[in-house]
Amino acid sequence: MEILSFLAQGLGVALTPTNFMLAVFGCIAGTVVGALPGLGPVNGVAILIPLAFTLGLEPASAIILLACVYYGCMYGGRISSIMLNIPGDEPAMMTCLDGHPMARKGKASEALAISAIASFVGATLATIGLTLFAPLLVKIAIHFGPAEYFALYILAFATIGGVTGANPAKTLMAAAFGLALGTVGLDPVSGTARYTFGVFHLFDGFHPIVAIVGLFAISEILVYLEQQHSAAGPMVPVHRAYAKFSEIAATFG
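Numbering (this note's numbering), first residue to last: 246 to 498.
What follows is the structure in structure tokens.
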């Protein structure tokens, strides 16, 4: 019950007029920054940290602003995924599978609305769950060993198999290529340089966002230039700027 009392106290602080306006501003600014491919939530918060110092905010107000910037960036990454098929960050990669095909059919507004609702619901449940179950998760995390990490890797490969399209060989090649890129850099256990070839800039490895932007953005530009006059055709204009409740409810099965 102590946690619930703290949550109620924090909610009262967050709903003050000043903090509420900072939250709205942070969400808008984060969405704008997150829509730029390659930045992501972490870089978005880092870019807007000086704003908190410039405004001379109290610690609680500054944390509210930066937290809203973070969640705004999380949603902003879906905008480029849906409209351009270029994920703004790692979690937005899966949005490309359904969001961009909807945008090409003139349902970009529905895709953006459903993505916004999913982001809000997911972030709310995740925050509440983390707050309530963080002590239990800490006790479980300290017992994680090689076997548990291996099971997580198996889950990752099983997930890759679940999204495999009509060409499984291409999916396996992409997964192998991603593993090869992930081995570049310093070994976190022994500190040994792997596949750096003496290049100092490769010691940190390949950043996931840089790899995603390079693979998705450049390939999407080349595909667009190749198919702009093909049967794929241009994107259908948006026919309405909202999503029906039945369409949103259908996403929950």
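In this text, a Cβ means the ideal position worked out from N, Cα and C, and glycines have one as well.
Nothing here was measured: the structure is a model prediction, and the numbers come from that model.
So the alpha helix (DSSP H) residue i belongs to, where does it begin and stop?
{"i": "L460", "result": "Taken as a continuous stretch (DSSP letters only), L460 belongs to no alpha helix (DSSP H), as it is neither H nor E."}
{"i": "L342", "result": "T340 to R349"}
{"i": "A253", "result": "E247 to A259"}
{"i": "P295", "result": "G285 to T299"}
{"i": "A312", "result": "P304 to L329"}
Could you give the distance in angstroms between the alpha-carbon of residue i and the alpha-carbon of residue j?
{"i": "T299", "j": "V314", "result": "16 Å"}
{"i": "T261", "j": "L310", "result": "13 Å"}
{"i": "L417", "j": "N330", "result": "21 Å"}
{"i": "A476", "j": "L470", "result": "At A476 the pLDDT is 48, less than 50, meaning the model places this residue with poor confidence; the figure from the coordinates comes in the next sentence. Near 13 Å, if we compare the C-alpha coordinates of L470 and A476."}
{"i": "N264", "j": "G271", "result": "10 Å"}
{"i": "L381", "j": "A368", "result": "20 Å"}
{"i": "A403", "j": "C341", "result": "19 Å"}
{"i": "L267", "j": "A253", "result": "19 Å"}
Relative to the C-alpha of residue i, which residue among the options is closest?
{"i": "S464", "options": "P332, P286, G285 and L400", "result": "P332"}
{"i": "A348", "options": "V366, A337 and M328", "result": "M328"}
{"i": "V277", "options": "S325, A421, K415 and V468", "result": "S325"}
{"i": "R323", "options": "A358, H446 and S250", "result": "A358"}
{"i": "A280", "options": "Y316, V429, E355 and K415", "result": "Y316"}
{"i": "A421", "options": "S435, G406 and A411", "result": "G406"}
{"i": "A363", "options": "P336, G301 and V383", "result": "P336"}
{"i": "I248", "options": "A379, K352 and G275", "result": "A379"}
Taking residue i and residue j to be in contact with their CB atoms under 8 Å, please state how far apart those CB atoms are, rounded to whole angstroms.
{"i": "Y320", "j": "A361", "result": "6 Å"}
{"i": "T437", "j": "F448", "result": "Not a contact, Cβ separation roughly 11 Å."}
{"i": "T457", "j": "M338", "result": "One detail in the question is off: residue 457 reads as Ile in this sequence, not Thr. At roughly 7 Å, the Cβ-Cβ gap stays under 8 Å, so I457 and M338 are in contact."}
{"i": "A305", "j": "A297", "result": "Rounded, the Cβ-Cβ distance is 11 Å, inconsistent with contact."}
{"i": "V429", "j": "F451", "result": "6 Å"}
{"i": "G285", "j": "G275", "result": "The pair is not a contact, with the Cβ atoms about 11 Å apart (cut-off 8 Å)."}
Starting from the N-terminal side, write out each stretch of the alpha helix (DSSP H) that is 4 residues or longer and does not extend beyond the segment 384-452. 391-407 and 413-427
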